[in-house]
Every structure is written in C-alpha cells, then in structure tokens.
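Novice: Before I ask anything, let me first share the structure, which is written out below as structure tokens.
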Amino acid sequence: MDRELRAFLKVGLIAGAILGVTVFFLMDFLFADSLGGSWKDAVVNDLSVLFSLKLSPESPLVYLMLFFTLIVVVLFSSLLGLAFSAIYYRFFRMLNR
230 MDRELRAFLK VGLIAGAILG VTVFFLMDFL FADSLGGSWK DAVVNDLSVL
280 FSLKLSPESP LVYLMLFFTL IVVVLFSSLL GLAFSAIYYR FFRMLNR
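When we follow this note's numbering, the leftmost residue of the sequence shown carries the number 230, and every step to the right adds one.
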C-alpha cells in the first residue's frame, strides 16, 4: 500500500474517532433535557427493561455499559472516517491523472 494512502487512512481514522467522541458528549450535554435524559439514564432504562435490574445511575455496571457504548460509537465513526478518507483519496488521485 502507498505511504500517502496510509497517511490519508490514518488521518481519516483519527478524525472519525475524534468526531465520534465529540458528538457523543455533545449529545449528552446539549440534548439531555430535550431528549428526556442523558446516556446514563438511557443505559439504566435499557438494563432495567432487558434484565429487570434496579440500578442507580452511579452503578459500576452502568459506567461499564456507558464505556461500551462510547467504544461502539467511536469504532463506527472511525470506520466512517476511514471510508470517507479512502473515497477522498481515490477521487483526488483520479483527478490528478
């Protein structure tokens, strides 16, 4: 693989991950009141519905699931950044020929 392509893909992965974390926390801070709660409240509700657990929002299991949710969002956004940077690279490479 080309060194230039590797650099583009790394930048796409990193930019996608940063944007994913940013969106994750901005959704939590900006829309918590309008959406009826934060990510922690959603995790507590999902755990109580799925497993019939009565947990407080400060439970370690809630923080573990919140971390897992953050990892899923970051991985998905990194893959989107990777795909976008590959398309971007191929498109401008095609224009330069």
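Using N, Cα and C, we set each Cβ at its ideal position, and we do this for glycine too. These figures come from a predicted structure and were not determined experimentally.
#1: Kindly indicate the opening and closing residues of the alpha helix (DSSP H) around Arg319.
#2: Output yes or no for whether 8 Å exceeds the beta carbon distance between Val272 and Thr251.
#3: Using the rule of at least 16 other Cβ atoms within 10 Å of the residue's Cβ for burial, across every protein chain shown, is Gly265 buried or exposed?
#4: Check whether the Cβ atoms of Gly249 and Val302 sit closer than 8 Å, and answer yes or no.
#5: Would Ser285 and Phe237 be called neighbours here (beta carbons separated by less than 8 Å)?
#6: Using a Cβ-Cβ cutoff of less than 7 Å, which residues in the same chain neighbour Arg319 once the five nearest sequence positions on both sides are dropped?
Specialist: According to the structure data:
#1: 289-325
#2: no
#3: exposed
#4: Closer than 8 Å, so yes.
#5: Annotated as distal: Ser285 and Phe237, with beta-carbon spacing of 8 Å or more.
#6: none
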